[in-house]
Every structure is written in C-alpha cells, then in structure tokens.
Amino acid sequence: MIKISDLEKVYRTEEVETVALNKLSFEVKDGEFVAVMGPSGCGKSTLLNILGLLDDPDAGSFLFNQIEVAHFNERKRADLRKHNIGFVFQSFNLIDELTVFENVELPLIYTGVKTAERKKRVEEVLDKVQIMHRRNHYPQQLSGGQQQRVAVARAVVNHPKLILADEPTGNLDSNNGNEVMQLLTELNEQGTTIVMVTHSEHDARYSHRIIRMLDGQTVTENILI
Amino acid sequence: MFRNYFKIAWRNLWRSKGFTVINILGLTIGITCTILILLWVQNELTYDKFQKNYNNIYQVIANRDFNNQVFTDRNMALPLADALEKNLSQIKHAVVTTHRQQNLLAYNNNKIKKEGYYVSDHFFDIFSWHFVKGNAAALKDPNSIILTEDAAKAFFGDADPINKLLTIDNSQSVKVAAVVKQAPDNSTFQFDWIMPFNYNDPGTKASMNEWVNSSWNVFIQAVPGADTALLNKDITKIKRSHGHDEISSYFVFPMSRWHLYSDFENGKNTGGMIEYVRLFSIIAVIILLIACINFMNLSTARSEKRAKEVGIRKTLGSNRKQLISQFYCESFILTLIAFVLAIIAVVLLLPSFNLMVDKHLSLNIMQPSFWITAFSIVLLTAFVAGNYPALYLSSFNPVKVLKGTIISGKKTILPRHILVVSQFVISILLISATIIVYQQIQHTKDRDMGYNPNGLVMIPSTPDVDKNFTVIKQQLLASGIISSVTRTSSPITEVWWNTGAPDYDGKPANTNIIMGGLATDVDFAKTMNVKLLQGHDFTGTPSDSTSMMLNKAAVDAMKLKNPVGMQMRYGKTYTVIGVTDNVIMTSPFEPAYPMLMVYDGSSSGMATMRIKSGVPAQKAITLLEVVFKKYNPSVPFEYQFVDQEFQKKFITEELIGKLTNIFSVLAIFICCLGLAGLASFTIEKRFREIGVRKVLGASVQQLLVLISKEFLKLVVIAFIIAAPLTYWLMNNWLHNYNYRITIHLWLFAVVGVAMLILTLIVVSLNTIKAAITNPVKSLRTE
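Heads up: the sequence lines are chains A and B, in that order. Positions 11 to 235 (the numbering used here) are the ones given, in order, by the first sequence. Positions 9 to 790 (the numbering used here) are the ones given, in order, by the second sequence.
Shown next as structure tokens:
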C-alpha cells in the first residue's frame, strides 16, 4: 500500500533550518496496522501529513498503491485523498456548526454520493460506532469519547483503504481511549490499513508493528505479531 | 488614565491594520460626502438670508383660475406697486422690476451684453446691497446706471467708473452713478446692472395707466408682524378696483420660500428645491451611517480577539465604565483621523464639486460655525460607531472568557446580520434610484419634440437684423450652407407670451384656456422641421396678417373638429390656415403646451437658421458671423445652438442624476469595504473548519460557495426589502413629472443579480486565500 524511500522534508525559517524527515524509508503492506512512536519533534506529524497527501516531501519517493505520488499537484492529491484516505485527529476536528449526522456525511458530499445513498451509509457507520442515538446532536453536546467515535465514523464512511490516526486517544480517558482503539482494531480486521501516530505504549500494542522515530529517521521496528 | 486609553487604543488600531484601514477609509469617504453635501445644503438654505429685511420681504403673486385650472403667475401690472404702497398701511415699501434682461452696454468701442433689471424707486430700500461707490440715491436720476464691481471692471478697468457714460443698446446714454458688490451665489437677484425705470419714456408712461398688461415683478416690504391674510385680501381688492380681474386672487409669497419652495401646482405651493435639499441631507446621513455600520460590524466580529483582553482587564480591577471609555477612545481616534483626511479630500474635491453643482462653495475654517459642525460630526460619528461595540465588548464575563467557555461573537451575529442587510438595502435602493433617474432623463430626451433641434442656430434679433432680414436671408440661402431661415418673436425653446384662447363660434361658455403665443415669419415649419398636420404655413402674402396657425394641443384644448378655415377673434378676426404638430417649447417633462401662431414679417426676437445637413457647424457659424456682422454691426456677434439650449432644461435633473450616481457608487464602495472586512473575519473564525473540510475532500469552489452562501442570503433578504421600497419611493418621485417612464420590474432583477455578483466577488477575493491554504496550516492553529 505504502512504500516510501529516502523521504526528506526540511522546514526553513529565516534563521533556523529544521530537518523533519531525514532520508526516511519504510513500507506498509495492505491490511497492516502500524504504530509510529517517538518523542515530540521527531517528525511523526510531518510523516503523517505526507502520507495523508496534505503535504509534499522535498525529496525521496512515495509510492501509494504502486503509484508515485510524491510530486502530485494539489488537485490530484485532493482527488486521491478523498477517495482513499480517512483521518482521525487527536482533537477530533469536528465542525461545531454541524450535527453528528452532518459531520459524518461531509466526505460523502465531497465525493459526490447521492442523498439517499449518503443517508444509508451514514446510518450504517453511526450504528457501527454506536452513536446512532446522538445523530442530531452537536459536537459540543457529546463527551470526548463520543466525539472521537464520530470522527472515526467520519473517517471510515467513505470506505477508505487507509486510515491515518494522529494520537486518536490523546484527549480521552482510558475507558474512552480503549473503546476507540477497539474500533480501530475492528476496522483493521475488516481490511483497512491503519497508520497511527501515538505516544502511548498501551495503544501501540494494538498494532502489528511499531516504528520508532528519532530526528526524522527510523530507529527501530518492533514486530508484534 | 486617558493617556493609557489612547495608548492602548492606538496600539490596538496599529496592530489590526486591515481593520483600521477599512474603517478609516470608509469613515473618510462618509465624512467627505457629508461635508460636501452639507456645504451645498447650507448654501441652499441660506438663499437671500443676507437681506436685512429677509423676514418682511414678499413677492406679489396671483393665482389665475382658468376654468378650475389654476395658473400661478408672477407677472404683475406696472402700476400695482405704487398703488399698494400708497393704499396699504401694512406695506412699508413696494417695488416693481422688469424680469432680468440682457442689454448691450457700450463704453466707446467696448460692447458687452450684460444682464440686469429696471427697478422702481424703493428697490434699495427693500433689498440690501453693499455699495462700493455712490449710494441708493443713484436711482433718482432716470439716466443713471448702477454697476456691479465686475461689470465696472469690464468696462473701465481700474479707472473710477463714476460719472462715466455708457450707451445702452446703441441708443440711450446713461451715467454710472454707483457701484455695488457682486450678488452672492445664493441670491435670487443676479445682475450686472440696475437701472431706474424711465417714466419719461412714452412706453413706460403709457404702461403706468395699464392694468391689464402684466409683465413685471412686484415685491413688497411689509411692516414687521404683518397680517398676510389681510394683505392678500387687500391686494386683490385694489387690483380688482382697477378693472375686471375676477379670475385672479393675489397673495404675498415670503422671501424665505422663493428659492426652496418655488413650485406651484394648481395654485398650491408644492415645494421645489427643498425636496432635493431634504433628499441629499438624508443621503449624507445614510452614507455616514454605512461607514459607522462597518465599524460596528467589524468591531463586534473581531470581539473574540478582544475578549481575552477584556477578561484580563476586568480581573485586574477595571470596571465596565472604564472599558467603555476605552472602546469609545478607539472609535474617537479613528473618526478624528478620518475627519482630518476628509477635510483634505474636501479641499481637493471642492473645485470639481463646485463645477458640478455650479456654485462657489468654500470651507470657512475661520468661522466658529465650521468648528462647531466639525466637532459635532466627529463626536456624533464616534459615538454612533463606537456605541454598540463598546457596550458589547465591555459586557464579557471575565471568568468565562478566560476559561474559554464563552463563544464570543455568537450573540452579535443577528444584529450584525441586520446591519449588513440594511447596508445592502441602501445600496440596492441607491443603485436602482440612479438607474431610474437616468432612465427618466433619457426617456425625456428621447421624446419626440415635434421639431428637429439639431442643426438649428439662433441669433437674437435687433432692429438692424429686422431691417435687413430679407437680404440676410437671401445671402445665407445663396451660400449653400444654410437651408432655411425664419424668425420668431421668441426662441423655439421658450414661451414668452402667455394668453387666453381666442374667441370662436361654438366656444363653450366659461372656457379659459391658457395658451402660448408665437409670432413668426414665413418658413417657420420648414426651418424648424415642424410637421404640418393640416393646412399650410404662412405664405408671405398680405392675407398672412389675418391668418393664424394652431398646434395640435390647442386644437384639442379648444375642442375643434375642423379648425382650418375657422374664424378666430383675437383683437381682430383671424382665419386658421394650418395646424402644426405639438412642439415641446416649455418643460420637456410636461404635456405639450397649446400654441397659437400669428404672422409677423417685420419684427422679431430671434432669427433661426437651419444648417444644411452634412455641413460642419463651424463652417456655418463662420458664414453667419460674416453676414450678421455686416448687417448688424452695432451688436457683437453671438449665437446659440437650439439643441444645446434645449439640453439646459435638464440641468436640475442631470445634477440630481450625477449626485445620486456618485453617492451611490461611494455608498456601495463603503459597503464592499465592510463586506470584505466581515468576510475575512468569518474566514479567520472558520479557518479550522475550512481545513477540516479540505482534508475531507472539499474543493476550492465548494469552499467558496460555503462561505459566500452566508452573505448571499443576506443580499437576498435585503433585496426583498429594498425592491418594493425603491419602487414606492421612485414612483413618488416620478409623479413630479407628467411625462415619465414606468418602472420596469426587470430593473430590480438586474440590480439584484448585480449585487449578488458583486458580493460573490468581494467574498471570493477574501475566501480564496483561505481556501487554497494547505489545511496542515489551519489544523496546526489548534
């Protein structure tokens, strides 16, 4: 699914040059669940942004489903992204002005799914994350765990091949955190590839493989199964 | 404390430069417009106020009832003034004057046409004028003339004009007896010279016993506190005692109403310039208000940014009053900066504005009234603009704000939307009004005038012109440049002779039809390109002296079935020989005036020539100059193009059109500024949302639609309010004109769509940046 080699990303300000990714290479196979760990500033988020086609690398190669996408333009990236990738953020990033249902519905609108089909799919996925009863509530009326379940529902409603999760349990207590991890595991078992950035060893243990990063490079890889 | 307020206010304004620039620009434009309009309004409102007897001066006017159609007439009989002064104790002085007239004044070979009035004795007792040389006694000598400074300078340069001799119209010789200051802009009387009536002149002498011929203006100075109702009754009684005049009732019209309320309709004083004074005063306030609304909207929209500051200040012990003062300080500083810029703008713009409104307005910064007005504008603007933001921003609960549990700005959305909608309503109203005014003018200009004003040249007649008319005509026609020549008692663009309809068999009893009269030579219809509907034009044969032509409006008003061949008793008996199409000679906004035309082959007021088509106007003028200089040597050559004279009938309407046009463009510009500011704040607030949506696959277009939708909704609401409002207002305005357009509904559709597009452009320009920003950035702002 993903193959990156010698990926480089450097952030420059007027005075400082920060190397975020330094000739990073690894591979993620179809159906894998990979956790990326490392201290703050090691390049995890940059990596996730590039994997999510939100940002492009300065050098190196990025094969997504055997297609070189490292230098795709904005439109091609957006197109590839909305059909193939779902995101889960630490801070949920739900839109306050929209209800649970409408939040989850958004990706389907942007991929041009018809109304009736949208309704069916949103209800399906809300059912799956057990938040159906809150479909007409607004994000601020929900608990953190419920909000993240909505975010997960939104990430998967389009049946993406890849889910990128950025510390999905970072803002949750352990009960709610476990629920979300359970949800991700189920999705993975159903065939979705997951790359998750986390600080939590506990969460990382849900994955198949842990990639540990430092200063923009892979330090070790632990294979858990 | 105030220093601290100013410091903080200044820094805040400096930090949010976009906000500051939008507000200062908007307020500057608003205040500039307001000052310009106020200068104009002040000039209009102070007409004639420099007259010492302002409150006691009246003009004597008559309402003449022609079969229930009342015609208000300022023309009076010559002896009326004297009779009033002698017989009525309420009248201190009465004076009679001619209409303003143009005479050829000559000093040696320096001949210039100058305008002025012949007046009776007490003119300078009633009207105050500043004498530079000589005094009011100058009027005592019938062979004297009083000049204005400019006129004196034109003839004598810097030499002393007193006792110098001027020749009037190449005949009478008069002595300069006094020099007065030029009449100010806002004076009803505008003149280069004043001369006393010469009662020794046989014509004038005869008129002194003539109570029917009414060709003069009569003014009175009443005693203070005069009973005008009684005066009206007494004047009417005196007039009637000098002969049958039952259809007229006389009344005194106060000086304070001469300029602003000059219109009469069916005997009722209906208004006049005052309507435009009111209209533009309202527009001035509205434009300033739009700028204030920008300030309110932008201040509350960015309240989130200020909320934390308010919280901290309150925690540190500031009370609400202090915070309110601080926010007022900000609006005051902004307004003050805008005011200074506006004054600069006014100084720069005044020359062109004066040119447009045809006045000599100036900023009198030495006058205390200027500073009082200026101070009021600044304070009022600062207060109106700053009021709502100050009260709102200072109301935040510090605990909630600092905890971040308050979502500030939410409460202000509805008021903000109402304010934006009102801005749009004003914009739509002003654009539609501009278009309607323009359409009305264009519609009237395109009206069939009944003749062809293009390629017609008029030259005022003189005794020499009349004497040599035949040879002038021959030479002009022989040149191949002029295709036709005629002469008339008055220009084709004016009616100088108002009269009742002639008597004829079958004329219904009690019919009083007001008609215009015109004396013409042969070739009238041919030269003017007037269509003859029946019969023929004057032929130049002796029978012309008993022939009469009527226009279609006259035939209709007199209810004639077969006018040609009918006998008309009008002094003597005339036979109707022809009926012409209607010619629009008076206001083009009114129905055609009924006209009768009689033949005069020996004297005239105006010679009119038609230039052969295809001949350049300049070539024709050169020829005319040569010919007229030869046969009319004593008068400087001057000419007028009929089409240009005709255009002058639109001066007021075109001025109104231009002013509304300019002010609506400015109002819309200020609205757009505010809109741009609001859009950028909205986007700032929704930055994260935009990022999230992008991550989820939203395209740039979809984001533009999302943000614009909010504003477009407001435009639609504004449109629903503005369209009927405009329709109602403009329909009322159009009812001032008899000849008018009907307002088409498509106009509103066009304006509505234009407004939507404009909004879309303004919002898109602001949205596009956020929409194409990499969402990584917006999500990192968390």
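Where a beta carbon is used, it is the ideal one built from N, C-alpha and C, also for glycine. Here the structure is a predicted model, which is why all the values come from computation and not from measurement.
State buried or exposed for residue i, treating a residue as buried only when at least 16 other CB atoms are found within 10 Å of its CB.
i                : result
alanine 292/B    : buried
glutamate 646/B  : exposed
serine 416/B     : Note that serine 416/B scores 49 on pLDDT, short of 50, meaning its location in the model is unreliable; the coordinates nonetheless yield the value given after this. That one is buried.
valine 771/B     : buried
serine 223/B     : exposed
tryptophan 736/B : exposed
glutamine 431/B  : buried
arginine 701/B   : buried
proline 783/B    : buried
isoleucine 290/B : exposed
threonine 789/B  : In this prediction, threonine 789/B scores a pLDDT of 47, lower than 50, which makes its location untrustworthy; the coordinate-derived value is nonetheless stated afterwards. So threonine 789/B counts as exposed.
methionine 523/B : buried
glutamine 450/B  : exposed
threonine 308/B  : buried
Along the beta strand (DSSP E) that carries residue i, what are the first and last residues, could you check?
i                : result
leucine 73/A     : 69-74
lysine 100/B     : 99-105
glutamate 231/A  : 227-233
tryptophan 224/B : 222-230
tyrosine 21/A    : 12-22
So the candidates are the options; which of them puts its Cα closest to the Cα of residue i?
i                   : options                                   : result
threonine 6/B       : Thr734/B, Lys121/B and Ile16/B            : Here chain B covers residues 9 to 790 and nothing more, so residue 6/B does not appear.
asparagine 570/B    : Leu667/B, Asn20/B, Leu558/B and Arg694/B  : Leu558/B
arginine 159/A      : Phe97/A, Met11/A, Glu127/A and Glu37/A    : Phe97/A
lysine 141/B        : Leu155/B, Phe135/B and Ile439/B           : Leu155/B
threonine 195/A     : Ile233/A, Ser15/A and His218/A            : His218/A
glycine 26/B        : Ala687/B, Gln447/B and Gln229/B           : Ala687/B
leucine 73/A        : Gln140/A, Leu61/A, Thr125/A and Leu197/A  : Leu61/A
lysine 367/B        : Leu44/B, Leu21/B, Pro376/B and Leu331/B   : Leu44/B
valine 433/B        : Tyr125/B, Ala70/B, Ile728/B and Met203/B  : Ile728/B
valine 220/B        : Ile301/B, Phe131/B, Asn405/B and Arg248/B : Arg248/B
arginine 495/B      : Lys475/B, Val465/B and Thr528/B           : Thr528/B
threonine 535/B     : Met466/B, Val563/B and Gln542/B           : Met466/B
proline 461/B       : Asn537/B, Leu526/B, Leu604/B and Ser257/B : Asn537/B
alanine 509/B       : Met576/B, Gln482/B and Met457/B           : Met576/B
valine 587/B        : Ala91/B, Thr630/B, Ile65/B and Pro602/B   : Pro602/B
serine 553/B        : Ser498/B, Ser610/B and Leu568/B           : Ser610/B
phenylalanine 546/B : Ala562/B, Asp209/B and Leu526/B           : Leu526/B
arginine 91/A       : Thr230/A, Asp16/A, Ile173/A and Ala126/A  : Ile173/A
glutamine 7/B       : Gly280/B, His107/B and Asp235/B           : Residue numbering for chain B in the displayed model covers 9 to 790; residue 7/B lies beyond these limits and cannot be assessed.
cysteine 680/B      : Ile298/B, Asn12/B and His267/B            : Ile298/B
If residue i sits next to residue j, beta carbons under 8 Å apart, how far is it from one beta carbon to the other, in whole angstroms?
i                : j                : result
alanine 175/A    : isoleucine 220/A : Contact doesn't hold; Cβ gap of about 14 Å is too wide.
isoleucine 490/B : isoleucine 619/B : 6 Å
asparagine 95/B  : isoleucine 246/B : 6 Å
valine 207/A     : valine 46/A      : 5 Å
leucine 63/A     : arginine 87/A    : 4 Å
alanine 89/B     : lysine 122/B     : Not confirmed; about 24 Å, so no contact.
glycine 699/B    : leucine 306/B    : Wrong, their Cβ atoms sit about 24 Å apart, outside the cutoff.
isoleucine 715/B : threonine 767/B  : Rounded, the Cβ-Cβ distance is 11 Å, inconsistent with contact.
aspartate 129/B  : leucine 147/B    : 6 Å
isoleucine 69/B  : isoleucine 444/B : Not really, about 33 Å apart at Cβ, beyond 8 Å.
Note the first and the last residue of the continuous alpha helix (DSSP H) segment covering residue i.
i                   : result
tyrosine 284/B      : 281-309
tyrosine 578/B      : Segment 575-578 is the beta strand (DSSP E) holding tyrosine 578/B; no alpha helix (DSSP H) there.
proline 471/B       : 471-475
phenylalanine 671/B : 659-693
Please go through the segment 138-166 of chain A and give each complete alpha helix (DSSP H) segment of 4 or more residues, from N-terminal end onward.
Listed in chain order, the complete alpha helix (DSSP H) runs (minimum 4 residues) inside the segment 138-166 of chain A are 154-166.
Ranges of the beta strand (DSSP E) found wholly within the segment 497-522 of chain B, counting only runs of at least 3:
Whole beta strand (DSSP E) segments, 3+ residues: 505-508.
Give the list of continuous alpha helix (DSSP H) stretches no shorter than 4 residues that lie fully inside the segment 352-417 of chain B.
Every unbroken stretch of the alpha helix (DSSP H) spanning 4 or more residues and falling wholly within the segment 352-417 of chain B is given here in chain order: 376-401 and 406-411.
Could I get the ranges of all uninterrupted beta strand (DSSP E) runs contained in the segment 48-86 of chain B, with 3 residues as the minimum, in chain order?
Within the segment 48-86 of chain B, the runs of beta strand (DSSP E) that reach at least 3 residues and sit entirely inside it are, in chain order, 65-74 and 77-81.
Suppose only complete runs of 3+ residues qualify. What are the beta strand (DSSP E) ranges in the segment 142-211 of chain B, listed by chain order?
Within the segment 142-211 of chain B, the complete beta strand (DSSP E) runs of at least 3 residues are 152-156, 173-176, 180-188 and 201-204.
Of all the alpha helix (DSSP H) runs that stay within the bounds of the segment 419-460 of chain B, which reach a length of 4 or more residues?
As far as the segment 419-460 of chain B is concerned, its whole alpha helix (DSSP H) runs of at least 4 residues are 421-453.
Enumerate, from N- to C-terminal direction, the unbroken beta strand (DSSP E) stretches of 3 or more residues contained entirely within the segment 75-141 of chain A.
With a minimum length of 3 residues, the continuous beta strand (DSSP E) runs that stay inside the segment 75-141 of chain A are 95-98.
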